[in-house]
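What follows is one structure encoded as structure tokens, with my remarks underneath.
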Amino acid sequence: MSIEVRNVSKRFGSFQALDDVSIDVDGGALTALLGPSGSGKSTLLRIIAGLESPDTGEIRLAGEDATPLTTQQRGVGFVFQHYAAFKHMSVRENIAFGLKVRKRPRDEVRSRVDELLELVQLQGFGDRYPAQLSGGQRQRMALARALAPEPKVLLLDEPFGALDARVRAELRVWLRRLHDETHTTTVFVTHDQEEAMDVADSVVVMNKGRVEQVAGPRELYDAPANEFVMSFVGQATRIDDTWVRPHDFELVLAPNGSTREAQVERVVHLGFEVRAELIRDDGEILAVQLTRDQAAQLELEQGQIVYVRPTRATTF
Amino acid sequence: MRKYVLRFLALGYLLAVLLGPLSMVFFRAFDKGVDPLWKTLSDPNTVHAFKLTLIIALIAVPLNAIFGVVCALAIVRRRFPGAGIVNAIVDLPLAISPVVVGLSLFLLYGRTGWFGPWFARHGMQILFALPSMVIATIFVSLPFVAREVVPTLREIGDEQEQAARTLGATNWQTFWRITLPSIRWAVVYGVVLTTARCLGEYGAVAVVSGNIEGKTQTATLRVQDAYENFNQSGAYGISLVLAAISVVVLVTMTLLRPKEEQAL
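Protein sequences appear in the order of chains Z and A. Heads up, the first sequence is in this note's numbering, so the first residue is 1 and it goes up one at a time. Heads up, the second sequence is in this note's numbering, so the first residue is 1001 and it goes up one at a time.
Written out as structure tokens, the structure is:
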């Protein structure tokens, strides 16, 4: 089911959460809403779900105006950052909730819950209560619960935000796989650009209630639409009017005409790569990324003088 | 060391202010043996007084339970206008003396009051009858359920309710399946306090009931009556039953509550 957001604005008191936002999400796509906190991404997701209503503008689901519909009528699955688990119900009862309120036959509910428990790898946890689960398990339960009534759209609000790094990476892969199997139109909110790039087909970058760019992960990085996207998605150093990515610097030990002198301020060995901070002769600080071999060749160390030249720069 | 001093002070205070007088009631009730005690308790007018107290509680408690939950929802979720005013006035009965409540009911339902003549014309007896006693009791026991439920509602937040709605639950289903189970212990505790307050109400009911023996005399009014008629063991006997009911209710409550919290 496709989602169209048309000229949506939303204010909370004097705070403009969304300012004339329009986006299109194709049916079956996996889209990320990416932005810093306060960019309006969660508000947009909640408006799509009908949990908030827009001041102006409309939401169209599968081509039909859904703006006047209540949350219940929209048939969307929603996953909250802090799980919103029903604490007084077992895992089974949590997952069955959406089916029970629809008065589905008991046998159907049971088999669907079994199916979902397997899908989210929580077999054997059905009789536990949310308090007896880890964060990752709770979020998987919440996902199963959202998927149970077979929603046309799955919306996830910073679904992995409250989890530790390792569980997060696991669930990321798992979400991607789940989507490839079910092809449910999925939109998730994140402030983590790596998460967005890793999971989504298409990324909507938001800032201060506006959409800055909508693009695939690769295009977003290689062809950012403006300075905000350039600096928010991946690292970039601003030199005068141009922006340079850390891996787009050439470092040599002797000047060759086009290079400028710089002093190594700090070297960080990250194992798979080496990062360095240089101070150019005019005081500009450059963030540089090198491969292990490059760093070994230069014998890079703090206080050393090198000669640097951007190999690729972007101007807006 | 300081810990023990504090503990000693707290226990001593409770002993002096609460348990001491209560145990005195217990001992004085049996002062002249069991016979006069039994005579008072089996007196038809005493039985009637207990029945009346019970009937009033049975009407007032459910009404206040429903009203208290609705009030708490209004205060915390603020879904409709005027919620702020509700929050401000729900505590009013705690601040006003029950006697004043009784007198104000007199002004409303008395022969020259605002509503009094209307009810009189329609042949309905409000004052010196069950209706005014129920109204007075409802008034004084109003805030307890709301006061217990409000903090619990705040604590659980509304994310679970939002989740229920995204799963297709109607507002009614959300209330019965999500909200109410989450606040049920707060409601139960509020109901216990309300019940205790209803059973013990004296001042407001004393003003509006007329205190007619065998007709509009509740258990607490009968205690006062017996005491004034030098029937001391009778007064203590009825008091003992009232106190025993409250203690049983509170103990049951304390036994139930921790179990629930462990399960969560």
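Glycine is no exception: its CB is placed at the ideal position from the N, C-alpha and C atoms.
- Within chain A, Leu1167 and Gly1168 have C-beta atoms less than 7 angstroms from the C-beta of glycine 98 (chain Z), given in sequence order.
- One finds nothing in chain A with a Cβ atom closer than 7 angstroms to the Cβ of proline 36 (chain Z); even the nearest lies about 23 angstroms away.
- Close to phenylalanine 80 (chain Z), with beta-carbon spacing below 7 angstroms, are these residues of chain A in chain order: Glu1159 and Ala1163.
- For alanine 131 (chain Z), the three-state secondary structure derived from DSSP is helix.
- The secondary-structure analysis by DSSP pairs histidine 269 (chain Z) across a beta bridge with Z:Val274.
- With a beta-carbon spacing of about 14 angstroms, threonine 1166 (chain A) and alanine 66 (chain Z) fall beyond the 8 angstroms limit used to define contacts.
- Within chain Z, Lys87 and His88 have C-beta atoms less than 8 angstroms from the C-beta of serine 1182 (chain A), given in sequence order.
- For a Cβ distance threshold of 9 angstroms, residue set Thr1166 and Leu1167 of chain A lies close to glycine 77 (chain Z), ordered along the chain.
- Sixteen is the threshold: when 16 or more other Cβ atoms of the shown chains lie within 10 Å of the Cβ of tyrosine 1236 (chain A), as they do, the residue is buried.
- For glutamine 1173 (chain A), the C-beta contacts it makes with chain Z under 8 angstroms involve Val101, in order along the chain.
- Fewer than three pairs of CB atoms, one per stretch, sit closer than 8 angstroms, so the region 1167-1176 of chain A makes no contact with the region 1206-1215 of chain A.
- Under the 7 angstroms criterion on CB atoms, glutamine 132 (chain Z) is classed as non-interfacial with respect to chain A.
- Residues of the same chain with a CB within less than 7 angstroms of the CB of aspartate 55 (chain Z), apart from the 5 flanking positions on each side, are Ser9, Lys10 and Arg11 in chain order.
- A straight line joining the alpha-carbon of isoleucine 285 (chain Z) with that of alanine 223 (chain Z) spans about 24 angstroms.
- For glutamine 289 (chain Z), the enclosing beta strand (DSSP E) starts and ends at 285-290.
- Exposure of proline 36 (chain Z) is indicated by the presence of fewer than 16 other C-beta atoms within 10 angstroms of its C-beta.
- Interface with chain A (7 angstroms Cβ-Cβ cutoff): threonine 71 (chain Z) is included.
- Counting C-beta atoms within 10 angstroms of its own C-beta, lysine 41 (chain Z) has 16 or more neighbours from the protein chains shown and is therefore classed as buried.
- With fewer than 16 other CB atoms across the displayed protein chains lying within 10 angstroms of its CB, threonine 291 (chain Z) is exposed.
- Restricting attention to Z:Thr31, Z:Asn7 and Z:Gly136, the CA atom closest to the CA of valine 205 (chain Z) is found in Z:Thr31.
- Taking CB atoms only, leucine 51 (chain Z) has a neighbour in chain A less than 7 angstroms away.
- For proline 149 (chain Z), the neighbours in chain A by C-beta distance under 7 angstroms run, in chain order, Leu1167 and Gly1168.
- Rounded to whole angstroms, the separation of the alpha carbons of alanine 1129 (chain A) and phenylalanine 1115 (chain A) is 15 angstroms.
- Residues of chain A with a Cβ closer than 8 angstroms to the Cβ of alanine 62 (chain Z) do not exist, since the nearest Cβ in that chain sits about 17 angstroms away.
- Contact between cysteine 1071 (chain A) and alanine 1146 (chain A) is confirmed by a C-beta separation of about 4 angstroms, below the 8 angstroms threshold.
- Cα atoms of valine 1207 (chain A) and glycine 1102 (chain A): separation of roughly 5 angstroms, rounded to the nearest angstrom.
- Counting only runs that start and end inside the region 1120-1146 of chain A, the alpha helix (DSSP H) elements of at least 4 residues fall at 1130-1140.
- About 7 angstroms separates the beta carbons of serine 1182 (chain A) and glutamine 1160 (chain A), which is inside the 8 angstroms limit, making them a contact pair.
- With contact defined as three or more Cβ pairs closer than 8 angstroms, the region 162-176 of chain Z and the region 1185-1203 of chain A are not in contact.
- For lysine 10 (chain Z), the beta-bridge partners assigned by DSSP are Z:Leu18.
- Proximity of the region 1138-1153 of chain A to the region 1090-1097 of chain A meets the contact definition, three or more beta-carbon pairs being nearer than 8 angstroms.
- Look at the region 138-165 of chain Z: the residues with a C-beta under 9 angstroms from a C-beta of chain A are Ala142, Arg145, Ala146, Ala148, Pro149, Pro151 and Leu155.
- Pairing threonine 237 (chain Z) with asparagine 256 (chain Z), the inter-Cα distance amounts to about 22 angstroms.
- Neighbours of isoleucine 1126 (chain A) across chain Z, judged by C-beta separation under 8 angstroms, do not exist; the nearest C-beta is about 43 angstroms away.
- Runs of beta strand (DSSP E) with 3 or more residues, each lying fully within the region 69-98 of chain Z, are found at 76-79, listed in chain order.
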